[in-house]
Structures are given as C-alpha cells and as structure tokens.
Amino acid sequence: MKIIRQEDYPTNAWAGGITREVFIYPESSSLAARNFDVRISSAVIDSTESRFSDFSGYTRYIMPLEGDIRLFIANREIRLKKAHPYKFSGSIPVCSANTPGAIDFNVIARDGTEVEVHIAADGDAFNTDRPAIVFALDNIEVNHTPLRRYDTALLSAPFHLSGGKAAIIRR
Numbered sequence: 139m140k141i142i143r144q145e146d147y148p149t150n151a152w153a154g155g156i157t158r159e160v161f162i163y164p165e166s167s168s169l170a171a172r173n174f175d176v177r178i179s180s181a182v183i184d185s186t187e188s189r190f191s192d193f194s195g196y197t198r199y200i201m202p203l204e205g206d207i208r209l210f211i212a213n214r215e216i217r218l219k220k221a222h223p224y225k226f227s228g229s230i231p232v233c234s235a236n237t238p239g240a241i242d243f244n245v246i247a248r249d250g251t252e253v254e255v256h257i258a259a260d261g262d263a264f265n266t267d268r269p270a271i272v273f274a275l276d277n278i279e280v281n282h283t284p285l286r287r288y289d290t291a292l293l294s295a296p297f298h299l300s301g302g303k304a305a306i307i308r309r
C-alpha cells in the first residue's frame with residue numbers, strides 16, 4: 139500500500155481555482171498531453187461559474203466534497219450530491235454553478251478503459267487483487283493504516299475500510 143497525503147498532491151492553477159492531481163496513469167502521462175488512461179483530481183473552485191474542458195474520448199465522474207455544485211448539460215440542471223459520483227461523457231458541453239470555494243472530486247477515464255467508481259463505507263471489504271485507489275472522504279483506516287480526509291491509498295491487494303467513507307476507484 140502506498141499512501142499519498144493531500145499536501146503532497148501536485149497542484150495546478152486554472153482560471154477558476156486550483157486543481158490537485160491525486161493520481162494519473164500511466165505515471166509518465168500528463169493532462170496537457172491528454173495521453174493518460176485514468177486521472178483523478180480534486181479542485182478548489184473559486185469562481186461561481188465555469189465551463190468544463192472538452193475531454194472527447196473520455197468518461198468523467200464528478201461529485202462535490204464541499205459546497206454546492208450544479209451542472210448544466212443540454213439545458214438541464216443537475217444538482218450534484220456528496221458521496222454520489224455523477225457519470226457523463228467528456229465530449230458534451232458542460233457548465234457549472236457553485237458556491238465560492240466549493241471542492242470537487244473528479245475521475246476521468248479514457249473510453250475503453252475499465253474503471254469502477256463508487257463510495258465505500260465503514261466495514262466494507264474488497265477481496266480482490268485488482269488495483270484500487272482509495273480517496274478518503276472522512277478520516278478513515280485502510281487495513282488499520284490511518285488516512286486523513288482527502289488523503290489517498292494505492293492498493294493492489296485485498297483491503298478493508300473502517301471509520302468512515304471513501305471513494306474507491308478500481309481499474
């Protein structure tokens with residue numbers, strides 16, 4: 139198990155705030171080159187409105203961690219819910235409105251890359267050797283190792299959670 143602390147995430151400024159890159163695969167890939175299969179990030183959104191970048195060829199998942207976030211897709215308003223990842227195509231035009239300082243959690247996966255994104259809770263166990271990324275939504279323990287809220291664990295062995303909720307991304 140590899141632990142990545144929130145303060146160690148690479149950060150990038152953008153027009154609407156800052157983004158912390160939680161995970162990218164393959165490791166040698168980059169957002170700018172659009173040569174990644176999976177990218178996980180969390181953004182602190184300072185502006186109250188934003189237009190999402192085009193990620194044609196990718197599937198996106200997003201959920202709010204703090205504050206309120208609403209998406210506008212094809213004249214439809216979607217109010218995002220905490221601990222409920224919303225899935226959509228990266229090719230569709232999306233705008234958002236949110237409270238200042240809202241924080242989101244994003245997963246972007248290349249079309250054809252098998253990825254599962256879901257929320258796990260206290261007591262959940264995963265008995266598989268499939269690689270997993272655990273993003274702590276609360277202060278939790280993974281196999282008795284403490285993770286602070288918004289820290290990440292990378293695993294390739296069975297694991298169990300205790301103490302709260304986490305976003306689990308398996309590829």
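What the sequence shown shows, in the working numbering, is residues 139 to 309, in sequence order. Glycine included, every Cβ here is placed at the ideal spot set by N, Cα and C. Keep in mind it's a predicted model, so treat the numbers as computed, not measured.
1) Considering only DSSP beta bridges, list what ASP242 is partnered with.
2) Straight-line CA distance for ASP133 to ILE141?
3) DSSP on GLU159, reduced to helix/strand/coil?
4) Checking 8 Å against the spacing of the C-beta atoms, do GLY154 and ILE178 come in under that value?
5) Tell me the rounded alpha-carbon separation between ASP175 and PHE161.
6) Below 8 Å on the Cβ atoms is my contact criterion, and I expect LEU299 with ALA270 to pass it. Report the Cβ-Cβ distance as a whole number of Å.
7) First and last residue of the beta strand (DSSP E) that includes GLU254?
In short, the structure shows the following:
1) Residue numbering aside, residue 242 sits at position 104 when the sequence shown is read from its first letter. DSSP lists ALA181, PRO202 as partners of ASP242.
2) The displayed coordinates of the chain run from 139 to 309. Any statement about residue 133 would go beyond what the structure contains.
3) Counted from its first residue, the sequence shown places residue 159 at position 21. Of the three classes helix, strand and coil, the one that applies to GLU159 here is strand, per DSSP.
4) In the sequence shown, counting from the first residue as 1, residue 154 sits at position 16. In the sequence shown, counting from the first residue as 1, residue 178 sits at position 40. No, they are not a contact pair.
5) Position 37 of the sequence shown, counted from the first residue, corresponds to residue 175. Position 23 of the sequence shown, counted from the first residue, corresponds to residue 161. Near 11 Å, if we compare the C-alpha coordinates of PHE161 and ASP175.
6) As a working mapping, residue 299 is identified with position 161 in the sequence shown. As a working mapping, residue 270 is identified with position 132 in the sequence shown. Not really, about 11 Å apart at Cβ, beyond 8 Å.
7) Reading the sequence shown from its first residue, position 116 is the one you call residue 254. Residues 254-258.
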